[in-house]
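To keep things clear, I will list the structure first and then write my remarks on it.
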(Lines of atoms letter the chains of each structure in order from A and count residues from 1; the text may use other names and numbers.)
(Lines give C-alpha, C1' and ligand atoms only; values in the text may rest on other atoms or scores of the structure.)
Protein backbone atom coordinates (compact mmCIF):
# COMPACT_ATOMS: atom_id res chain seq x y z
CA UNK A 1 0.00 0.00 0.00
CA UNK A 2 3.08 2.21 -0.04
CA UNK A 3 2.35 3.64 -3.47
CA UNK A 4 -1.12 4.64 -2.28
CA UNK A 5 0.42 6.66 0.57
CA UNK A 6 -2.12 5.11 2.92
CA UNK A 7 -0.10 5.70 6.08
CA UNK A 8 0.36 9.35 5.11
CA UNK A 9 -3.40 9.76 4.90
CA UNK A 10 -3.98 7.90 8.16
CA UNK A 11 -1.42 10.19 9.79
CA UNK A 12 -3.45 13.20 8.61
CA UNK A 13 -6.65 11.65 9.99
CA UNK A 14 -4.87 11.11 13.30
CA UNK A 15 -3.80 14.76 13.33
CA UNK A 16 -7.36 15.92 12.66
CA UNK A 17 -9.77 13.52 14.34
CA UNK A 18 -7.60 12.56 17.31
CA UNK A 19 -6.54 16.20 17.72
CA UNK A 20 -2.94 15.17 17.19
CA UNK A 21 -1.94 18.42 15.53
CA UNK A 22 -1.12 20.89 18.23
CA UNK A 23 -2.56 23.89 16.42
CA UNK A 24 -4.40 22.93 13.22
CA UNK A 25 -7.81 23.29 14.87
CA UNK A 26 -6.72 25.39 17.84
CA UNK A 27 -7.88 28.78 16.55
CA UNK A 28 -11.14 27.27 15.28
CA UNK A 29 -11.92 25.53 18.58
CA UNK A 30 -11.04 28.49 20.79
CA UNK A 31 -13.43 30.65 18.74
CA UNK A 32 -16.21 28.06 19.08
CA UNK A 33 -15.55 27.62 22.81
CA UNK A 34 -15.75 31.38 23.25
CA UNK A 35 -19.05 31.55 21.34
CA UNK A 36 -20.47 28.76 23.51
CA UNK A 37 -19.26 30.48 26.66
CA UNK A 38 -20.91 33.75 25.65
CA UNK A 39 -24.09 32.08 24.42
CA UNK A 40 -23.55 33.40 20.88
CA UNK A 41 -24.91 31.80 17.73
CA UNK A 42 -22.55 29.46 15.86
CA UNK A 43 -24.93 27.54 13.59
CA UNK A 44 -23.82 28.95 10.22
CA UNK A 45 -21.99 26.43 8.01
CA UNK A 46 -20.38 29.15 5.90
CA UNK A 47 -18.98 30.99 8.92
CA UNK A 48 -17.77 27.74 10.47
CA UNK A 49 -15.84 26.80 7.33
CA UNK A 50 -14.32 30.27 7.09
CA UNK A 51 -13.13 29.89 10.69
CA UNK A 52 -11.81 26.42 9.91
CA UNK A 53 -9.89 27.52 6.82
CA UNK A 54 -8.38 30.47 8.68
CA UNK A 55 -7.30 28.15 11.49
CA UNK A 56 -5.65 25.80 8.99
CA UNK A 57 -3.88 28.65 7.16
CA UNK A 58 -2.42 29.91 10.44
CA UNK A 59 -1.31 26.46 11.55
CA UNK A 60 2.27 25.21 11.53
CA UNK A 61 0.82 21.89 10.32
CA UNK A 62 -1.04 23.34 7.33
CA UNK A 63 1.21 21.38 4.95
CA UNK A 64 -0.34 18.13 6.19
CA UNK A 65 -3.36 18.86 4.00
CA UNK A 66 -2.99 18.66 0.23
CA UNK A 67 -5.45 21.56 0.02
CA UNK A 68 -7.04 23.66 2.79
CA UNK A 69 -10.54 22.77 1.58
CA UNK A 70 -9.87 19.03 1.83
CA UNK A 71 -11.29 19.35 5.34
CA UNK A 72 -14.77 20.80 5.75
CA UNK A 73 -17.10 21.09 8.71
CA UNK A 74 -20.87 20.98 8.76
CA UNK A 75 -23.64 20.86 11.32
CA UNK A 76 -25.06 17.36 11.64
CA UNK A 77 -28.67 16.76 10.68
CA UNK A 78 -30.74 14.77 13.16
CA UNK A 79 -33.74 12.60 12.41
CA UNK A 80 -36.84 12.81 14.55
CA UNK A 81 -38.33 9.78 16.26
CA UNK A 82 -41.65 10.01 14.45
CA UNK A 83 -40.25 9.33 11.01
CA UNK A 84 -40.07 12.88 9.75
CA UNK A 85 -37.28 13.82 7.41
CA UNK A 86 -35.41 15.80 10.05
CA UNK A 87 -35.37 18.95 12.12
CA UNK A 88 -33.58 22.19 11.56
CA UNK A 89 -30.08 22.51 12.92
CA UNK A 90 -31.02 25.73 14.68
CA UNK A 91 -33.84 23.96 16.54
CA UNK A 92 -31.50 21.11 17.40
CA UNK A 93 -28.91 23.64 18.52
CA UNK A 94 -31.41 25.16 20.94
CA UNK A 95 -32.22 21.68 22.22
CA UNK A 96 -28.55 20.90 22.84
CA UNK A 97 -27.98 24.36 24.27
CA UNK A 98 -24.46 25.33 25.15
CA UNK A 99 -23.66 22.39 27.42
CA UNK A 100 -21.07 19.67 27.12
CA UNK A 101 -22.97 17.98 24.26
CA UNK A 102 -23.20 21.13 22.14
CA UNK A 103 -20.21 20.17 19.97
CA UNK A 104 -21.94 16.93 18.93
CA UNK A 105 -23.45 18.99 16.12
CA UNK A 106 -20.06 19.37 14.43
CA UNK A 107 -19.28 16.90 11.66
CA UNK A 108 -15.86 17.01 9.98
CA UNK A 109 -15.40 15.53 6.50
CA UNK A 110 -11.96 14.83 5.10
CA UNK A 111 -11.85 14.32 1.34
CA UNK A 112 -10.07 11.07 0.55
CA UNK A 113 -9.12 10.25 -3.03
CA UNK A 114 -9.65 6.92 -4.79
CA UNK A 115 -8.62 4.16 -4.10
CA UNK A 116 -8.02 5.08 -0.45
CA UNK A 117 -11.72 5.82 -0.04
CA UNK A 118 -12.23 2.05 -0.19
CA UNK A 119 -10.54 1.92 3.22
CA UNK A 120 -11.33 5.36 4.62
CA UNK A 121 -14.98 5.32 3.62
CA UNK A 122 -18.05 7.17 4.87
CA UNK A 123 -18.64 4.68 7.68
CA UNK A 124 -15.02 5.00 8.83
CA UNK A 125 -15.27 8.81 8.89
CA UNK A 126 -18.45 8.50 10.95
CA UNK A 127 -16.50 6.52 13.55
CA UNK A 128 -13.66 9.03 13.47
CA UNK A 129 -16.22 11.78 14.14
CA UNK A 130 -17.64 9.86 17.11
CA UNK A 131 -14.19 9.62 18.66
CA UNK A 132 -13.45 13.25 17.87
CA UNK A 133 -16.73 14.34 19.43
CA UNK A 134 -15.72 12.75 22.71
CA UNK A 135 -12.22 14.23 22.58
CA UNK A 136 -13.69 17.69 21.96
CA UNK A 137 -15.70 17.38 25.17
CA UNK A 138 -12.50 16.66 27.09
CA UNK A 139 -10.70 19.53 25.36
CA UNK A 140 -13.50 21.98 26.10
CA UNK A 141 -13.66 20.99 29.77
CA UNK A 142 -9.89 21.38 30.06
CA UNK A 143 -10.06 24.76 28.31
CA UNK A 144 -12.75 26.21 30.61
CA UNK A 145 -11.06 24.90 33.76
CA UNK A 146 -7.74 26.45 32.74
CA UNK A 147 -9.53 29.75 32.10
CA UNK A 148 -11.39 29.52 35.41
CA UNK A 149 -8.20 28.87 37.35
CA UNK A 150 -6.69 32.07 35.92
CA UNK A 151 -9.69 34.13 37.08
CA UNK A 152 -9.62 32.56 40.53
CA UNK A 153 -5.96 33.33 41.14
CA UNK A 154 -6.24 36.88 39.82
CA UNK A 155 -9.16 37.61 42.17
CA UNK A 156 -8.21 35.20 44.95
CA UNK A 157 -10.03 35.82 48.18
CA UNK A 158 -12.17 38.65 46.81
CA UNK A 159 -14.96 36.80 45.02
CA UNK A 160 -15.78 33.80 47.18
CA UNK A 161 -16.66 33.52 50.84
CA UNK A 162 -14.95 30.13 50.99
CA UNK A 163 -12.13 30.57 48.50
CA UNK A 164 -10.14 27.57 49.75
CA UNK A 165 -13.06 25.24 49.16
CA UNK A 166 -13.52 26.61 45.65
CA UNK A 167 -9.86 25.84 44.97
CA UNK A 168 -10.32 22.27 46.23
CA UNK A 169 -13.29 21.70 43.91
CA UNK A 170 -11.37 23.24 41.02
CA UNK A 171 -8.40 20.97 41.71
CA UNK A 172 -10.59 17.86 41.85
CA UNK A 173 -12.08 18.70 38.47
CA UNK A 174 -8.69 19.61 37.01
CA UNK A 175 -7.13 16.38 38.26
CA UNK A 176 -9.84 14.26 36.64
CA UNK A 177 -9.87 16.15 33.33
CA UNK A 178 -6.07 16.25 33.11
CA UNK A 179 -5.81 12.55 34.01
CA UNK A 180 -8.40 11.66 31.39
CA UNK A 181 -6.69 13.85 28.80
CA UNK A 182 -3.34 12.18 29.49
CA UNK A 183 -4.98 8.76 29.25
CA UNK A 184 -6.44 9.68 25.86
CA UNK A 185 -3.12 10.95 24.52
CA UNK A 186 -1.24 7.89 25.76
CA UNK A 187 -3.72 5.15 24.90
CA UNK A 188 -5.72 6.52 21.97
CA UNK A 189 -3.17 8.75 20.27
CA UNK A 190 0.08 6.82 20.83
CA UNK A 191 -0.55 3.15 21.74
CA UNK A 192 -3.39 2.55 19.27
CA UNK A 193 -1.35 4.20 16.49
CA UNK A 194 1.64 1.94 17.21
CA UNK A 195 -0.63 -1.11 16.96
CA UNK A 196 -2.04 0.20 13.67
CA UNK A 197 1.45 0.69 12.20
CA UNK A 198 2.49 -2.83 13.22
CA UNK A 199 -0.68 -4.28 11.72
CA UNK A 200 -0.27 -2.39 8.46
CA UNK A 201 3.33 -3.57 8.15
CA UNK A 202 2.19 -7.18 8.42
CA UNK A 203 -0.82 -6.80 6.07
CA UNK A 204 -0.29 -8.05 2.52
CA UNK A 205 -3.74 -7.76 0.91
CA UNK A 206 -6.43 -5.10 0.66
CA UNK A 207 -8.75 -7.18 2.84
CA UNK A 208 -6.10 -7.44 5.54
CA UNK A 209 -5.45 -3.70 5.38
CA UNK A 210 -9.17 -3.01 5.78
CA UNK A 211 -9.35 -5.42 8.73
CA UNK A 212 -6.40 -3.73 10.45
CA UNK A 213 -7.93 -0.29 9.97
CA UNK A 214 -11.32 -1.49 11.24
CA UNK A 215 -9.64 -3.02 14.30
CA UNK A 216 -7.91 0.31 14.92
CA UNK A 217 -11.21 2.18 14.75
CA UNK A 218 -12.85 -0.31 17.11
CA UNK A 219 -9.95 0.05 19.53
CA UNK A 220 -10.07 3.85 19.72
CA UNK A 221 -13.87 3.74 19.99
CA UNK A 222 -13.62 1.44 23.01
CA UNK A 223 -10.88 3.50 24.62
CA UNK A 224 -12.98 6.66 24.21
CA UNK A 225 -16.08 4.79 25.40
CA UNK A 226 -18.11 5.50 22.25
CA UNK A 227 -18.36 1.86 21.16
CA UNK A 228 -21.80 0.23 20.88
CA UNK A 229 -21.72 -1.41 24.30
CA UNK A 230 -24.00 -0.78 27.28
CA UNK A 231 -21.14 -0.79 29.77
CA UNK A 232 -19.05 1.65 27.72
CA UNK A 233 -22.12 3.88 27.37
CA UNK A 234 -22.60 3.80 31.15
CA UNK A 235 -18.97 4.78 31.75
CA UNK A 236 -19.17 7.49 29.08
CA UNK A 237 -22.29 8.98 30.68
CA UNK A 238 -20.47 9.45 34.00
CA UNK A 239 -17.39 10.89 32.31
CA UNK A 240 -19.62 13.32 30.39
CA UNK A 241 -21.37 14.27 33.63
CA UNK A 242 -18.02 15.21 35.18
CA UNK A 243 -17.02 17.16 32.06
CA UNK A 244 -20.36 18.95 32.30
CA UNK A 245 -19.64 19.77 35.96
CA UNK A 246 -16.49 21.54 34.76
CA UNK A 247 -18.71 23.85 32.70
CA UNK A 248 -21.04 24.37 35.68
CA UNK A 249 -18.09 25.30 37.89
CA UNK A 250 -16.85 27.69 35.22
CA UNK A 251 -20.27 29.39 35.12
CA UNK A 252 -20.35 29.80 38.91
CA UNK A 253 -16.90 31.35 39.05
CA UNK A 254 -17.76 33.57 36.09
CA UNK A 255 -20.82 34.83 37.97
CA UNK A 256 -18.73 35.57 41.05
CA UNK A 257 -16.00 37.31 39.07
CA UNK A 258 -18.40 39.55 37.12
CA UNK A 259 -20.24 41.23 39.93
CA UNK A 260 -21.84 38.40 41.87
CA UNK A 261 -21.52 40.30 45.17
CA UNK A 262 -25.15 40.32 46.30
CA UNK A 263 -25.80 38.07 49.26
CA UNK A 264 -28.48 36.07 47.46
CA UNK A 265 -26.20 35.50 44.45
CA UNK A 266 -23.33 34.37 46.66
CA UNK A 267 -25.62 31.98 48.52
CA UNK A 268 -26.85 30.41 45.28
CA UNK A 269 -23.27 30.09 44.04
CA UNK A 270 -22.17 28.37 47.26
CA UNK A 271 -25.09 25.95 46.97
CA UNK A 272 -24.09 25.24 43.37
CA UNK A 273 -20.48 24.57 44.40
CA UNK A 274 -21.78 22.12 47.02
CA UNK A 275 -23.85 20.35 44.37
CA UNK A 276 -20.95 20.19 41.92
CA UNK A 277 -18.58 18.71 44.49
CA UNK A 278 -21.12 16.17 45.75
CA UNK A 279 -22.04 15.04 42.24
CA UNK A 280 -18.37 14.86 41.23
CA UNK A 281 -17.51 12.64 44.21
CA UNK A 282 -20.45 10.35 43.45
CA UNK A 283 -19.49 10.04 39.78
CA UNK A 284 -15.83 9.28 40.52
CA UNK A 285 -16.74 6.61 43.08
CA UNK A 286 -19.18 5.04 40.61
CA UNK A 287 -16.56 5.06 37.85
CA UNK A 288 -13.88 3.49 40.02
CA UNK A 289 -16.27 0.79 41.21
CA UNK A 290 -17.44 -0.17 37.75
CA UNK A 291 -13.94 0.00 36.23
CA UNK A 292 -12.52 -2.11 39.08
CA UNK A 293 -15.29 -4.67 38.59
CA UNK A 294 -14.48 -4.85 34.88
CA UNK A 295 -10.79 -5.38 35.68
CA UNK A 296 -11.67 -8.25 38.03
CA UNK A 297 -13.38 -10.22 35.25
CA UNK A 298 -10.99 -9.61 32.35
CA UNK A 299 -7.75 -8.15 31.05
CA UNK A 300 -8.17 -4.51 30.03
CA UNK A 301 -4.83 -2.65 30.19
CA UNK A 302 -6.34 0.65 29.09
CA UNK A 303 -8.90 0.54 31.91
CA UNK A 304 -6.21 -0.33 34.46
CA UNK A 305 -4.24 2.67 33.22
CA UNK A 306 -7.28 4.94 33.56
CA UNK A 307 -8.01 3.75 37.12
CA UNK A 308 -4.39 4.39 38.12
CA UNK A 309 -4.50 7.91 36.70
CA UNK A 310 -7.83 8.85 38.33
CA UNK A 311 -7.01 7.17 41.64
CA UNK A 312 -3.47 8.52 41.83
CA UNK A 313 -1.83 7.75 45.19
CA UNK A 314 -5.07 5.93 46.15
CA UNK A 315 -6.73 9.30 46.69
CA UNK A 316 -10.25 7.93 46.26
CA UNK A 317 -9.92 4.16 46.68
CA UNK A 318 -7.54 1.97 48.67
CA UNK A 319 -5.71 -1.10 47.35
CA UNK A 320 -8.41 -3.27 48.88
CA UNK A 321 -11.10 -1.40 46.95
CA UNK A 322 -12.62 0.42 49.92
CA UNK A 323 -13.66 4.06 49.80
CA UNK A 324 -12.95 6.34 52.73
CA UNK A 325 -14.16 9.87 53.34
CA UNK A 326 -12.88 11.85 50.39
CA UNK A 327 -10.21 14.36 51.49
CA UNK A 328 -11.19 17.99 51.15
CA UNK A 329 -14.94 17.40 50.94
CA UNK A 330 -17.22 19.62 52.95
CA UNK A 331 -19.33 18.11 55.72
CA UNK A 332 -22.75 17.36 54.25
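Residue numbers (my numbering): 11 to 342. Note that beta-carbon positions come from the ideal geometry of N, C-alpha and C, so glycine has one too.
Fully enclosed beta strand (DSSP E) runs of no fewer than 3 residues occupy 116-120 of the stretch 98-150, in order along the chain. The Cβ-Cβ distance between residue 117 and residue 84 falls below 9 Å. Just measuring C-alpha positions, the residue of 114, 132, 128 sitting nearest residue 120 is 132.
The continuous stretches of beta strand (DSSP E) do not include residue 201, and DSSP gives it neither H nor E. Partner residues in the beta bridge of residue 85, as assigned by DSSP, are 116.
Judged by DSSP in its simplified three-state form, residue 17 adopts helix. Separation of residue 241 and residue 302 (C-alpha to C-alpha, rounded to the nearest whole angstrom) is 13 Å.
Pairwise C-beta distances place the stretch 70-81 out of contact with the stretch 287-298, as fewer than three of them are shorter than 8 Å.
By the criterion of at least three beta-carbon pairs nearer than 8 Å, the stretch 144-151 is in contact with the stretch 178-192. When the beta-carbon positions are compared, residue 223 and residue 286 stay at least 9 Å from each other. Taking C-alpha positions only, residue 134 is separated from residue 204 by approximately 19 Å.
Runs of the alpha helix (DSSP H) spanning 4 or more residues and lying entirely within the stretch 263-294 do not occur at all. Between residue 245 and residue 178 the beta-carbon gap is near 25 Å, outside 8 Å, which marks them as no contact. Between residue 163 and residue 266, the alpha-carbon positions lie close to 13 Å from each other. Annotated three-state conformation of residue 327 is strand, per DSSP.
Here residue 314 has 305 as same chain residues with Cβ atoms under 8 Å from its own Cβ, once five neighbours each way along the sequence are excluded. Comparing C-alpha distances from residue 49 to each of 310, 320, 257 shows the shortest one belongs to 257.
Apart from sequence neighbours up to five positions away, the residues of its chain that approach residue 14 with a beta-carbon distance below 7 Å are 125, 126, ordered along the chain. Out of 309, 180, 312, the CA that lies nearest to the CA of residue 252 is found in 180. With fewer than 16 other Cβ atoms from the protein chains shown falling within 10 Å of its own Cβ, residue 40 counts as exposed. Going by beta carbons, residue 158 and residue 282 fall outside the 9 Å limit. Rounded to the nearest whole angstrom, the C-alpha separation of residue 235 and residue 139 is 13 Å.
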